[in-house]
Amino acid sequence: MSTTEHASARKMLAPRVETKTRSAPLWAVRGEISRRAYIGFALTGLIVPLLAWWALSLSGLVDPTFMPGPGAVVHRLASWWTDDGLADDICISVYRVVGGWALSAVFALPLGLLIGTFRPVQALLEPLTDFIRYMPAVAFIPLVMLWIGIDEGSKIAIIFIGTFFQMVLMIAENVRAVPIAQIEAALTMGATREEMIRLVIFPSSRPAIVDTLRITMGWAWTYLVVAELVAANSGLGYAILKAQRYLQTDRIFGGILLIGLIGLLIDQAFRLVHRLCFGKWMAKR
Amino acid sequence: MINSSSKISIERVSKYFGRGSDQVRALANIELDVQENEFVTLVGASGCGKSTLLRILSGLETIDEGAIRVDGQSIDGPGVDRAMVFQHYSLYPWLTVRQNIQFSRRLKTNRRDLSSSAVEVASGRADALLRLMGLTHVADAYPNQLSGGMQQRVAIARALQGKPSILLMDEPFGALDAQTREVMHDLILHVHALEKSTIVFVTHDVEEAIYLGHRVVLMAPRPGRIDTIYDVPLPAVRNPEMKLAPEFTALKREILARIRETSGMKTDLEMLEQLTRTAA
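Chains A and B, in that order, are what the protein sequence lines are. Our numbering puts the first residue of the first sequence at 55, with every later residue one more than the last. Our numbering puts the first residue of the second sequence at 2, with every later residue one more than the last.
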């Protein structure tokens, strides 16, 4: 009620203060900026490093063997695509990352829900998970090779080890963030434990869980190179490792940039899904 | 002391928090009878256990000693006969206003022996509640799109959906601005007259407690206990003018003074004075 009053008061004052509102402070603490300003800053943040890189390589200050210019990298990516099966490398890497990540999600979702909902499950599993997640995924490579072998399964397993334990804890945290009043309201309405999880806790934590899945997808990609250390003969990570042997720094640059780009696209896809699924009811008035 | 005809009877109820040397007596020997269709408000300084007592009535908290009876039956956990309205964050933001109000219909307890005519009655009731609460035009909106006052209307409508005989309200208007709160006061009085439910209402606002209640129960902390029960000397049908009546302001002054006396704030003040003396 008071907000409508404010709104009408602002409207009445509008003609006089217009010139002032035009120059909304850009650097206000936690302030809002226009969409145009946002895009402008975002593009600046992306283009300036690119230009700096380009200028540095043109200046001749660094040996192109160590730091190839953008032109050389683009050239290498083009020939990689036409002659060296870049598309196959991308496909197999996406398959491994998404496979390992999806396997994590399949187990982490129910476990996270249980840990976040029931204290005994939390006591049983959380300290253990906390302990394991500090173990370096790379160190599991010899074991994984012994247990699973050297085919696709082992690459997926490494990515699984790298993401699963973090994912469980984050989902448990998402579940614990459900406001207790939502849970107690359902209790007073007579909800059973099963109904509580299915009708309150899961739907309420969905947006946060999708965010967790998005963030852990990023982590899964960082384990790709590690996973492709294991007897791989294809994939972006493998290509980067192999390029090191032949001092093909342009290929290393290209591979790294490509992984970044794919990650960015997947991230944006997650954000889109988030907006489409939850935007309607999460938006404040 | 025990009145078999009362709607709610609280008999020598005690509640402890923590254990060992850290144990705190949150409630000590609470005795209170609430009559059918009565509107009782609970006030008191923070830590007096008024919210704990309400949560015990709702079944969200257990008791360590004593007994609670509703219609002569001792209670065991939450029940659909006792609905609760929380201060905030209790609505389901992913459901529309109408879906929130009808949430209880998704639960097995309320579905068990529901014929199709009963379902019709329930949706008719949801429509009636939407109208009663002035929510018809936002029935398909989501809670986040509503103001705080409108959100609390939804919460009240949801609590009323199952026709509970007891309505428990835990500072339901505590987060609202003063103007909205006044509107809500008359709305809840209207609901009480219409639904004939028994209401137990916790608040920290003495004026609210007097304006709404037939009786104001003043609680005191350390240990949480009932200090005084005041009968409100106002006609059954209230209007905002009454807040200016001399008997209203007199009672308000009396209750405020008693809260100050029992809150322990005076001893804090004495301690502060002592500190400043020693410093000087």
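No residue lacks a Cβ here, since even glycine has one placed at the ideal position from N, Cα and C.
### Query
Once you ignore the five residues that flank V362(A) on each side, which residues in its own chain have a CB closer than 6 Å to its CB?
With chain A running from 55 to 339 in the structure shown, residue 362(A) is simply not present.
### Query
How should L67(A) be labelled, buried or exposed, when 16 other C-beta atoms within 10 angstroms of its C-beta is the threshold for buried?
Residue confidence for L67(A) is low, a pLDDT of 47 falling below 50, so the modelled location carries little weight and cannot support an answer.
### Run of the beta strand (DSSP E) containing R226(B), from where it starts to where it stops
226-232
### Message
According to DSSP, simplified to helix, strand and coil, what is G1(B)?
### Response
Given that chain B is displayed from residue 2 to residue 281, the structure contains no residue 1(B) and the question cannot be resolved.
### Task
Could you give the DSSP three-state label for Q24(B): helix, strand or coil?
coil
#### Entry: C-beta contact flag for P224(B) and L28(B) at 8 Å
yes
### Same chain, Cβ closer than 6 Å to E248(B), five either side skipped, listed in chain order
P234
### Query
I think I11(B) touches E32(B), with their Cβ atoms under 8 Å apart; what is that distance to the nearest whole Å?
6 Å
#### Entry: Members of the stretch 243-255 of chain A near chain B, C-beta cut-off 8 Å
M243, G244, A245, T246, E249, L253, V254
### Query
When the cut-off is 8 Å and only beta carbons count, does L61(B) lie next to chain A?
yes
### Message
Quick check on DSSP: helix, strand or coil for E121(B)?
### Response
helix
### Message
In the DSSP output, what is Y17(B) paired with across the bridge?
### Response
R26(B)
### Message
Can you tell me where the alpha helix (DSSP H) holding G48(B) begins and where it ends?
### Response
Careful: G48(B) lies outside any alpha helix (DSSP H) and carries neither H nor E.
### Query
P144(B) and L177(B): beta carbons closer than 8 Å?
no
### chain B residues whose Cβ lies nearer than 7 Å to that of L241(A)
L61, P79
### Message
Please return the same chain residues whose Cβ sits closer than 6 Å to the Cβ of F174(B), not counting the five positions on each side in sequence.
### Response
R182, M185
### Task
Reducing DSSP to helix, strand and coil, say where E62(B) ends up.
coil
### Task
Name the two residues that bound the continuous beta strand (DSSP E) containing D187(B).
No beta strand (DSSP E) holds D187(B); the alpha helix (DSSP H) holding it covers 179-196.
#### Entry: Spatial distance of P181(A) from A119(B) (CA atoms)
49 Å
### Query
Is there contact between the stretch 167-174 of chain A and the stretch 218-230 of chain A, where contact requires at least three CB pairs shorter than 8 Å?
yes
### Query
Are the C-beta of S258(A) and some C-beta of chain B separated by less than 8 Å?
yes
### Query
Can you give, in chain order, each stretch of the alpha helix (DSSP H) that sits fully within the stretch 144-214 of chain A and has at least 4 residues?
173-187, 195-202
### Query
With contact counted as at least three CB pairs below 8 Å, one residue from each stretch, are the stretch 187-198 of chain A and the stretch 212-222 of chain A in contact?
yes
### Query
Counting pairs of beta carbons, one from the stretch 195-214 of chain B and one from the stretch 252-268 of chain A, are three or more of them closer than 8 Å?
no
### Message
Contact defined as beta carbons within less than 8 Å: I believe L253(A) pairs with R107(B). What is the distance between those atoms, to the nearest angstrom?
### Response
6 Å
### Query
For the candidate residues I294(A), T242(A), I316(A), L295(A), whose alpha-carbon lies nearest to that of V81(B)?
T242(A)
### Message
Which residue wins for smallest C-alpha separation from D205(A), given the options L319(A), I146(A), G85(A)?
### Response
I146(A)
### Query
Is any beta-carbon of chain B found at less than 8 Å from that of W340(A)?
It is not possible to answer for residue 340(A), since the shown part of chain A is limited to 55 through 339.
### Query
Taking Cβ positions, are V151(A) and L311(A) nearer each other than 8 Å?
no
### Task
Could you give the DSSP three-state label for A96(A): helix, strand or coil?
helix
### Query
So V217(B) is in the beta strand (DSSP E); what residue range does that whole segment cover?
216-221
### Task
Answer with yes or no whether the minimum CB distance from A211(A) to chain B is below 8 Å.
no
### Query
Hey, I167(B) and L219(B): beta-carbon distance below 8 Å or not?
no
### Query
Could one say the Cβ of A63(A) lies closer than 8 Å to chain B's Cβ atoms, at least one of them?
Annotation note: pLDDT 47 at A63(A) (below 50); position unreliable, no value reported.
#### Entry: Of the listed residues E242(B), L61(B), D65(B), S148(B), nearest to I234(A) (C-alpha basis)
L61(B)
### Rounded Cβ spacing between F87(B) and D171(B) (contact assumed at less than 8 Å)
6 Å
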